[in-house]
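Numbering (my numbering), first residue to last: 26 to 141. Structure first, commentary second.
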């Protein structure tokens, strides 16, 4: 069974950058890896996704500012966030899809706060 551990969140001023990491442990082979976020009072939304071969997809609100990448050897996904805006403030969650079951494993979340 897999477990995901996120890191890299924090407080940053508008225009700043953060890099989130999410490492999957356990003996699972992973297909897609995704980042979601949820702001207080709002629904969880997909931020970015990446397939095992590196195809990516982004929410319109982060295109050109965020970059998702992964290291398959380390079972780790990254989210480089540049030019952060106050509206990016949210809890960020990563998820990884098991190649054998298609089940998504979720991390515990990491808080990103962008001050204006």
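Even glycine gets a Cβ: it sits at the ideal position worked out from N, Cα and C. As the structure is a computational prediction, the values presented were derived from the model and not from experiment.
For residue 120, the three-state secondary structure derived from DSSP is strand. By the Cβ-count criterion, residue 132 is buried, with 16 or more other Cβ atoms from all chains shown falling within 10 Å of its own Cβ.
Contact check for residue 48 and residue 100: beta-carbon distance about 6 Å, within the 8 Å limit, so the pair qualifies.
Nearest in C-alpha terms to residue 111, of all of 55, 54, 64 and 45, is 64.
In the DSSP assignment, residue 94 forms a beta bridge with 103.
By the Cβ-count criterion, residue 66 is exposed, with fewer than 16 other Cβ atoms from all chains shown falling within 10 Å of its own Cβ. When C-alpha distances from residue 59 are compared across 94, 124, 114 and 35, the shortest belongs to 94.
Comparing alpha carbon positions, the residue from 82, 114, 31 and 88 closest to residue 57 is 82. Residue 85 sits exposed, since fewer than 16 C-beta atoms from the chains shown fall within 10 Å of its C-beta. When the beta-carbon positions are compared, residue 117 and residue 44 stay at least 8 Å from each other.
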